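Engineer: Residue numbers (my numbering), protein chains in the order written: chain A, 29 to 353; chain B, 3 to 306; chain C, 97 to 433.
In this text, a Cβ means the ideal position worked out from N, Cα and C, and glycines have one as well.
Every value quoted in this text rests on a predicted model; they were computed, and no experiment measured them.
Structure provided below as structure tokens; questions to follow.
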Amino acid sequence: MSLLEIRNLSVEFQTVAGNFRAVDGVDLDINETDLLSIVGESGSGKSVSMLALMGLLPWTANVTADKMEFAGLDLLTISSRERRKIIGKDISMIFQEPMSSLNPCFTVGFQIGESLKQHLGLDRKARKKRCIELLDLVGIPAAEERLKAFPHQLSGGMSQRVMIAMAIACNPKLLIADEPSTALDVTIQAQIIDLLVDLQNEKGMALVLITHDMGVVAETAKQVIVMYAGQQVEQQQVDALFATPRHPYTHALLNALPERSLHLDRLPTIEGVVPGAGDRPSGCLFSPRCEFAQDDCNQAVPAMESTGGSALRCFHPIENADRGQ
Amino acid sequence: MSDGTVGSVAIGARKSSMLRQNLKEFWYYFSESKTAVIGLAFLVGIILMALTADVIAPHDPTVQYRDCLEQPPTLGADKCNFAFGTDYAGRDMLSRIIYGTRLSLVAGGMVVILCLSIGIVFGVVAGYFRGWVDIVIMRIMDTILSVPGLLMALVLVAILGPGLLNAMIAISITYLPHFVRLTRSSYMTESSKEYVIASKVAGAGKFRIMFITILPNCMAPLIVQATLSFSTAILDTAALGFLGMGAQPPAPEWGTLIAENRDLMLSAPWTVTFPGLAILLAVLAINLMGDGLRDALDPKMKRS
Amino acid sequence: MFVFVLNRIALLIPIFFGVTLVSFGFIRMLPGDPVAALAGERDMTPERHAEMMAKLGLDKPAWQQYLDYVWNLLHGDFGTSVLTNRPILDEFMELFPATIELGVTAMALAVIIGVPIGIFAAVKRGTIFDQGIMGLSLVGYSMPIFWWGLLLIILFSGVWGLTPISGRISFLYDVPTVTGFLLIDALLSGEEGAFASAMHHMILPTIVLGTIPLAIIARQTRSAMLEVLSEDYVRTARAKGLSPLRVYGLHALRNAMITVITVIGLQVGTLMAGAILTETIFSWPGIGKWIIFSVFSRDYYAVQGGLVLIAMIIMAVNLIVDLLYGLINPRILHTSS
Numbered sequence: 029m030s031l032l033e034i035r036n037l038s039v040e041f042q043t044v045a046g047n048f049r050a051v052d053g054v055d056l057d058i059n060e061t062d063l064l065s066i067v068g069e070s071g072s073g074k075s076v077s078m079l080a081l082m083g084l085l086p087w088t089a090n091v092t093a094d095k096m097e098f099a100g101l102d103l104l105t106i107s108s109r110e111r112r113k114i115i116g117k118d119i120s121m122i123f124q125e126p127m128s129s130l131n132p133c134f135t136v137g138f139q140i141g142e143s144l145k146q147h148l149g150l151d152r153k154a155r156k157k158r159c160i161e162l163l164d165l166v167g168i169p170a171a172e173e174r175l176k177a178f179p180h181q182l183s184g185g186m187s188q189r190v191m192i193a194m195a196i197a198c199n200p201k202l203l204i205a206d207e208p209s210t211a212l213d214v215t216i217q218a219q220i221i222d223l224l225v226d227l228q229n230e231k232g233m234a235l236v237l238i239t240h241d242m243g244v245v246a247e248t249a250k251q252v253i254v255m256y257a258g259q260q261v262e263q264q265q266v267d268a269l270f271a272t273p274r275h276p277y278t279h280a281l282l283n284a285l286p287e288r289s290l291h292l293d294r295l296p297t298i299e300g301v302v303p304g305a306g307d308r309p310s311g312c313l314f315s316p317r318c319e320f321a322q323d324d325c326n327q328a329v330p331a332m333e334s335t336g337g338s339a340l341r342c343f344h345p346i347e348n349a350d351r352g353q
Numbered sequence: 003m004s005d006g007t008v009g010s011v012a013i014g015a016r017k018s019s020m021l022r023q024n025l026k027e028f029w030y031y032f033s034e035s036k037t038a039v040i041g042l043a044f045l046v047g048i049i050l051m052a053l054t055a056d057v058i059a060p061h062d063p064t065v066q067y068r069d070c071l072e073q074p075p076t077l078g079a080d081k082c083n084f085a086f087g088t089d090y091a092g093r094d095m096l097s098r099i100i101y102g103t104r105l106s107l108v109a110g111g112m113v114v115i116l117c118l119s120i121g122i123v124f125g126v127v128a129g130y131f132r133g134w135v136d137i138v139i140m141r142i143m144d145t146i147l148s149v150p151g152l153l154m155a156l157v158l159v160a161i162l163g164p165g166l167l168n169a170m171i172a173i174s175i176t177y178l179p180h181f182v183r184l185t186r187s188s189y190m191t192e193s194s195k196e197y198v199i200a201s202k203v204a205g206a207g208k209f210r211i212m213f214i215t216i217l218p219n220c221m222a223p224l225i226v227q228a229t230l231s232f233s234t235a236i237l238d239t240a241a242l243g244f245l246g247m248g249a250q251p252p253a254p255e256w257g258t259l260i261a262e263n264r265d266l267m268l269s270a271p272w273t274v275t276f277p278g279l280a281i282l283l284a285v286l287a288i289n290l291m292g293d294g295l296r297d298a299l300d301p302k303m304k305r306s
Numbered sequence: 097m098f099v100f101v102l103n104r105i106a107l108l109i110p111i112f113f114g115v116t117l118v119s120f121g122f123i124r125m126l127p128g129d130p131v132a133a134l135a136g137e138r139d140m141t142p143e144r145h146a147e148m149m150a151k152l153g154l155d156k157p158a159w160q161q162y163l164d165y166v167w168n169l170l171h172g173d174f175g176t177s178v179l180t181n182r183p184i185l186d187e188f189m190e191l192f193p194a195t196i197e198l199g200v201t202a203m204a205l206a207v208i209i210g211v212p213i214g215i216f217a218a219v220k221r222g223t224i225f226d227q228g229i230m231g232l233s234l235v236g237y238s239m240p241i242f243w244w245g246l247l248l249i250i251l252f253s254g255v256w257g258l259t260p261i262s263g264r265i266s267f268l269y270d271v272p273t274v275t276g277f278l279l280i281d282a283l284l285s286g287e288e289g290a291f292a293s294a295m296h297h298m299i300l301p302t303i304v305l306g307t308i309p310l311a312i313i314a315r316q317t318r319s320a321m322l323e324v325l326s327e328d329y330v331r332t333a334r335a336k337g338l339s340p341l342r343v344y345g346l347h348a349l350r351n352a353m354i355t356v357i358t359v360i361g362l363q364v365g366t367l368m369a370g371a372i373l374t375e376t377i378f379s380w381p382g383i384g385k386w387i388i389f390s391v392f393s394r395d396y397y398a399v400q401g402g403l404v405l406i407a408m409i410i411m412a413v414n415l416i417v418d419l420l421y422g423l424i425n426p427r428i429l430h431t432s433s
């Protein structure tokens, strides 16, 4: 059953230098219990598209879409009040910097309890009980004492666990995790990702994992969307993506993984930089950096073509890439 | 050596074109704020007014027209028609206000120059030497700050005697802590940066590091503070003038003008209203300019 | 918490000495003969001079005089007024409540109006409300306060006759002093119309004194809020689906409060300076007017004593502000050094 349907989502920011299109024509389909990973570099628009879904963008952002439906509700025309009823309850989001995402003035218990009070109307005793349950669930020891702790007394990993507890407090149908482990120590990263995947299984919720770490994608995702410069360029099942990447960008990303270059002298890189506001190429946005680019690539922007469970935005996709090494 | 001269000329040329580039960039951001530009224009106007007072003032500010005491503002060419009216002694308000620009600008300028020069030296010395030098300087500044500015200025003028010069000195002393603190804190922030270490490694001496390497990078907040202090100095000078401790009559300082005519404020309100309006407009213009300066110099706001 | 308080008090000690040094030195720095200045007599005979010098303690070495001075201060002896021959502390305490009353109402006005409009301007950033509020606030603190006062008197008292020109209460009423706060005393006295008269007299001075703090508080609240609004935890609060009132009024404001309280604390000094001018204009019988009078009448002990007292009061207020910080943002309590 389709939980989330997005068609042709675009986000434009008003800046001094004119309008900047951060997200360009994104399509998304998520069912219950899906685990989707959105991959891309910084500036690919992966975070902005999810923030647009949540309604968390600043006033300078102009969000347009053909369709944006969550569990039957039309998110495009919904009123702010209606939106606030589902945000934090049915859809939740956790962010990259857990240390600064918690309010330094209030205790952990207070901040988790707020969601419970707002959406579920629990009384103080029930809230306390539920908070302790949640902290146990996310693996925080000595939960009852922790309720009285202030955010600055927690480590990065603990803060992120608290954020996760807050996000799942009302048993959401969809959890969006925006680079949840990037700002954490390497040893903690794996723990947090594992926690998210476990919770997703236990609670039967859909999880969207935004990341730039292909290793995480390989281990956790079922579906993968690759984004570049605000556009979706490829979508595939995870195994297929890693075995037979069809878009040159995906191909180059995978090549750049150290694990895949053990037999080489130098690490492959992708030359050039992601286009910003002022230097958007004509035609395919990746063409200036693409090693397989041909003449027609910079004439027109390729459209997104879907076949079955996968999609691709390329005039000359890679066929039969030999990934057997 | 020819290489040296060519090199240094090239560097010199690059420096001056970089300066021009910085100025252009600065003007771009500054002029984004129309109000800041208006403020600047107004300030330029006031400066011109001060410079050309002898020419543009319709009357001599000290001449008393005994037949035209306390005349309301009237236009026209009759004998007792004065654009801003006359004061208790029959002097032309407009001319007195125009000449007053000189006193206010001088007061503001003096205060800023004194505060910048002394404040920067103290701030840099405190920031560079640290230790007990730092502690002593900062405690002195804290002491000055613990007394409200006007009160401190009053006490100082009580010691030094009333008059515009003493008022300026007193006001400068009360503003000094702000400049010292600001210099010291940006100095300390900058001095832990790597370009300073690079300078030291290259063999730069103490003096050079303090004033040539680090100081220019601390100037932005100081410039903003200087602008704000300019406007506040005009206000405080007027306040002291109003209390009788600043510029003494018959000097046409705006605050003194208000004090002189206070007894007639109900019967001849123009004598009090116009000087105050002059103060307000001058201070407003400088504050608008200062806001624009702050926005233009603040790196956080810059959009590339 | 206790350590925090001790810490803050310890920092004040050097300032205390600094201020006492300044006020002590003030008399020594006066032009002319300090003995003549303090004794209030001129052309004294050498014997009289020596007599006064001994009486005033001016024959002892300077450092000893200073220590005596500080010792006296700590025992509440701030010297005696040359004019009235009464202890300075007594004179100060008599007049202080009038200044407090005016200052508190002015500050209340500034905070009650300034903070909300600052928040409003931040939330409605870029709109005409924001620009209008900021424009007005700019005009507000660019004005000379004494001119503003005179202008209001001209309009409201002179032209329209709506408010009294000066004083704390109409001379028709004789309210016995209980607390020194006329509003309270008027209520206590039960005299009909006394309270109303006191309130009536308070309107213009409060507006005049409160204008500049209001403008500054509005501005600084707005900029503090703007900074906080771009923080991650505000995004988290919004992501939880909390109402805007809660997001801005609780989550954001709590963090902005540090800056706002700092600003309010800083305004106390401005209020004192403003009080000097406001009391002069409205003939308000408070500390400000007293200090001016003392300066003009060469009552140097009064000026010296007033300086120290005012500085001490401001230090106390700053201490309270510091303590409030710790309460509002616990991070400061735990990490303060």
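1. Please report whether the beta-carbon of C:Tyr-329 lies at a distance below 7 Å from any beta-carbon of chain A.
2. Counting only C-beta atoms, is A:Gly-137 closer than 7 Å to chain C at any point?
3. Which word fits B:Leu-116, buried or exposed, when buried means at least 16 other C-beta atoms lie within 10 angstroms of its C-beta?
4. Check each residue of the stretch 234-264 of chain A: if its Cβ is closer than 7 Å to any Cβ of chain C, include it; give the result in chain order.
5. To be precise: take each residue of the stretch 165-197 of chain C, compare its Cβ to all Cβ atoms of chain B, and keep it if any distance is under 7 Å. Which residues remain?
6. Looking at C-alpha atoms only, which residue of B:Pro-223, B:Gly-246, B:Asn-219 and B:Phe-209 is the closest neighbour of B:Ile-130?
7. Determine, using beta-carbon pairs with one atom in the stretch 195-212 of chain B and one in the stretch 184-204 of chain C, whether at least three such pairs fall under 8 Å.
8. From the DSSP output, in three-state form, read off A:Val-39 for me.
9. With A:Ile-140 and A:Gln-188 assumed to form a contact (beta carbons below 8 Å), what rounded beta-carbon distance in angstroms separates them?
10. Excluding the 5 residues flanking C:Ala-398 on each side, which residues of the same chain have their C-beta closer than 6 Å to its C-beta?
11. Below 7 Å CB to CB, which residues in the same chain sit around B:Arg-296 once its five sequence neighbours on both sides are set aside?
12. Give me the Cα-Cα distance between C:Gly-306 and C:Ala-206, rounded to the nearest whole angstrom.
13. For C:Gly-365, count neighbouring Cβ atoms within 10 angstroms of its own Cβ and tell me buried if that reaches 16, exposed if not.
14. Anyone know if the C-beta pair for A:Val-67 and A:Val-51 falls short of 7 Å?
15. Where DSSP assigns a beta bridge to A:Glu-333, which residues make up the other side?
16. Could you list which residues in chain C have their beta carbon closer than 8 Å to that of B:Asn-289, in chain order?
17. C:Thr-355 lies in the alpha helix (DSSP H); which residues open and close that run?
18. What residues of chain D sit near C:Ala-348, judged by a beta carbon separation below 8 Å?
19. What did DSSP end up calling C:Ile-265 once you bin it into helix, strand or coil?
20. Let me make sure I understand the geometry here. Which of B:Glu-262, B:Leu-162 and B:Leu-286 has the alpha-carbon closest to that of C:Pro-240?
21. Quick one, which of A:Arg-308, A:Ala-284, A:Ala-305 and A:Leu-290 has its alpha-carbon nearest A:Glu-299's?
22. Using DSSP with H/G/I as helix, E/B as strand and the rest coil, what is A:Phe-178?
23. Could you check whether the stretch 77-89 of chain B touches the stretch 133-149 of chain B, counting it as contact only if at least three pairs of C-beta atoms, one from each stretch, sit closer than 8 Å?
24. Just reading off the beta strand (DSSP E) that A:Thr-25 is part of, what are its end residues?
25. With three or more beta-carbon pairs closer than 8 Å as the criterion, would you say the stretch 221-236 of chain A touches the stretch 144-153 of chain A?
26. Just tell me which of C:Val-359, C:Phe-378 and C:Ala-348 has its CA closest to the CA of A:Ser-129.
27. Between C:Thr-332 and chain A, is the shortest Cβ-Cβ distance under 7 Å, so that the two count as touching?
28. Any Cβ of chain C within less than 7 Å of the Cβ of A:Cys-133?
29. Quick check on the DSSP output: the beta strand (DSSP E) that includes A:Arg-317 runs from which residue to which?
30. Please confirm if the stretch 163-170 of chain B is in contact with the stretch 231-242 of chain B, defined as three or more CB-CB distances below 8 Å between the two stretches.
31. Starting from B:Met-194 and walking both ways along the alpha helix (DSSP H), at which residues does that stretch end?
32. Just the Cα atoms here: how many angstroms apart are B:Ala-249 and B:Leu-237?
33. Taking 7 Å as the CB-CB limit, is C:Val-417 close to chain B?
34. In chain order, what residues of the stretch 350-372 of chain C put their CB closer than 8 Å to some CB of chain A?
35. If we count Cβ pairs, one from each stretch, closer than 8 Å, do we get three or more for the stretch 365-384 of chain C versus the stretch 107-123 of chain B?
36. Pull up the distance between the alpha-carbon of B:Lys-304 and that of C:Ile-265, whole angstroms please.
Structural biologist: On the basis of the coordinates in this document:
1. yes
2. no
3. buried
4. none
5. none
6. Residue identity differs from the one stated: residue 130 of chain B is Tyr in this sequence, not Ile. Answer by Cα proximity: B:Phe-209.
7. no
8. strand
9. Not quite, the Cβ-Cβ distance comes to about 13 Å (not below 8 Å), so this is no contact.
10. Ser-177, Ile-184 and Ser-390
11. Val-226
12. 6 Å
13. buried
14. no
15. A:Leu-340
16. Leu-234, Tyr-237 and Ser-238
17. 349-378
18. The chain labelled as chain D is not found among the protein chains of the depicted structure, namely A, B and C.
19. coil
20. B:Leu-286
21. A:Ala-284
22. coil
23. no
24. Residue numbering for chain A in the displayed model covers 29 to 353; residue 25 of chain A lies beyond these limits and cannot be assessed.
25. no
26. C:Ala-348
27. yes
28. yes
29. It is not in any beta strand (DSSP E) - A:Arg-317 carries neither H nor E in the DSSP assignment.
30. yes
31. The identity of residue 194 of chain B in the sequence shown is Ser, whereas the question assumes Met. No alpha helix (DSSP H) holds B:Ser-194; DSSP gives it neither H nor E.
32. 13 Å
33. no
34. Arg-350 and Asn-351
35. no
36. Residue placement at B:Lys-304 cannot be trusted, given a pLDDT of 44 that sits under 50; the coordinates are not used to answer.
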